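Here the structure comes first, spelled out in structure tokens, and everything after it is commentary.
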Amino acid sequence: MIRPLVIAVDGPAASGKGTIAAGLAQAYGLPQLDTGLLYRAVGVAVLAKGGQLADAAAASEIAKLLDLSSLNQPAHRTRAAGEAASQVAVHPAVRLALLEAQQAFARQPSGAVIDGRDIGTVIAPDAVAKLFVTASPEIRAQRRWKQLTGQGETVSLADVLEDIRIRDARDSGRDSAPLTRAEDAILLDTSRMTIEDAADAARRIVEAARIRSNG
Ligand code: DC
């Protein structure tokens with residue numbers, strides 16, 4: 270039996286994984302879930318209520334009630350939202366509250382493309398194709414700086430690089446579902462690639478995985 274095409278795309282902040290996941294979703298006609306948005310929405314909601322990002326109970330109550338259809342607002346794409354997301358994402362109770370919705374997305378008979386930090390390891394360990402997308406911190410900082418200033422934020426490149434380093438350390442160092450490459454994930458370093466090259470490379474990885482999984 271042909272398994273539904275589930276593609277897991279993990280990687281650090283601003284690695285290009287979101288763009289790659291969107292390209293794959295379009296190429297294969299699959300629904301896509303950017304799981305970073307879940308954590309961003311929780312972090313933004315905690316701050317909007319005047320709460321503390323370190324308050325696991327408050328953040329997990331918000332996570333349990335999260336409305337997936339309300340994701341992807343401009344407020345979720347800011348520098349502050351990324352930092353807030355990384356801070357609430359360390360709480361096991363928050364991760365647990367968001368687990369079932371992500372796993373249900375991965376179980377769709379249509380297949381799915383899901384990107385985040387723990388997709389190949391926790392959310393969809395049986396995914397047909399797993400990519401671990403990365404790039405050097407300096408390149409990722411440049412990309413993120415372009416995105417943030419392009420949407421009207423005032424921030425220096427040095428500060429964005431510092432954010433990236435802090436976020437890498439927190440996302441990789443936490444106890445609960447840390448950012449890590451699944452053993453069977455294929456590494457895609459996009460440091461020296463154009464968007465088109467990275468998208469092509471990602472498709473080749475998925476094609477190879479598809480052929481392997483269909484025997
Ligand atoms: O991919 P992103 O930059 O939008 O993610 C924001 C933060 O959310 C990231 O720093 C850590 C957290 N996150 C996570 O812990 N697990 C995921 N699957 C996705 C994001």
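According to this note's numbering, the sequence shown holds residues 270 to 484 in order. C-beta: ideal position from N, C-alpha, C; glycine also. In this text, all values refer to a predicted model and were calculated from it rather than measured experimentally.
- Assignment of Ile383 by DSSP, reduced to helix, strand and coil, places it in the strand class.
- Cβ atoms of Ala332 and Ala375 stay farther apart than 8 Å, at about 18 Å.
- At least one heavy atom of the ligand DC sits closer than 6 Å to the Cβ of Gly385.
- Secondary structure of Asp432 (DSSP, three-state): helix.
- With a threshold of 16 other beta carbon atoms within 10 Å, Arg481 falls short and is exposed.
- Spatial neighbours of Ala291 in its own chain (CB-CB distance under 7 Å, excluding positions within 5 residues in sequence) are listed in chain order as Gln301.
- Bounds of any alpha helix (DSSP H) do not take in Gln321, whose DSSP letter is neither H nor E.
- Runs of the beta strand (DSSP E) lying entirely within the stretch 388–469 and spanning at least 3 residues, in chain order: 398–403, 455–458.
- At least one heavy atom of the ligand DC sits closer than 6 Å to the Cβ of Ser355.
- Minimum Cα-Cα distance from Ile276 among the listed residues Gly320, Asp395, Ser405 corresponds to Asp395.
- Closer than 6 Å to some heavy atom of the ligand DC: that does not describe the Cβ of Ala454.
- Rounded to whole angstroms, the Cβ separation of Leu307 and Leu274 is 22 Å, and the two are not in contact under 8 Å.
- Residue side-chain check: Thr304 places its Cβ nearer than 6 Å to a non-hydrogen atom of the ligand DC.
- The C-beta of Val382 has 16 or more other C-beta atoms within 10 Å across all chains shown, which makes the residue buried.
- Take the alpha-carbon of Ala393 and the one of Arg443: they are about 20 Å apart.
- Under the three-state reduction of DSSP output, Gln301 falls in the strand class.
- Between Asp440 and Asp384, the CB-CB gap reaches or exceeds 7 Å.
- For Val275, the enclosing beta strand (DSSP E) begins and ends at 275–279.
- Taking every protein chain shown into account, the CB of Thr403 has 16 or more other CB atoms within 10 angstroms, so this residue is buried.
- Inclusion of Ala353 and Gly312 in the CB contact set at 7 Å is warranted, their separation being smaller than that value.
- Proximity to Ala471 across Asp279, Val315, Glu407 peaks at Asp279, based on C-alpha coordinates.
- For Gln321 and Ala327, the gap between their C-alpha atoms comes out near 8 Å.
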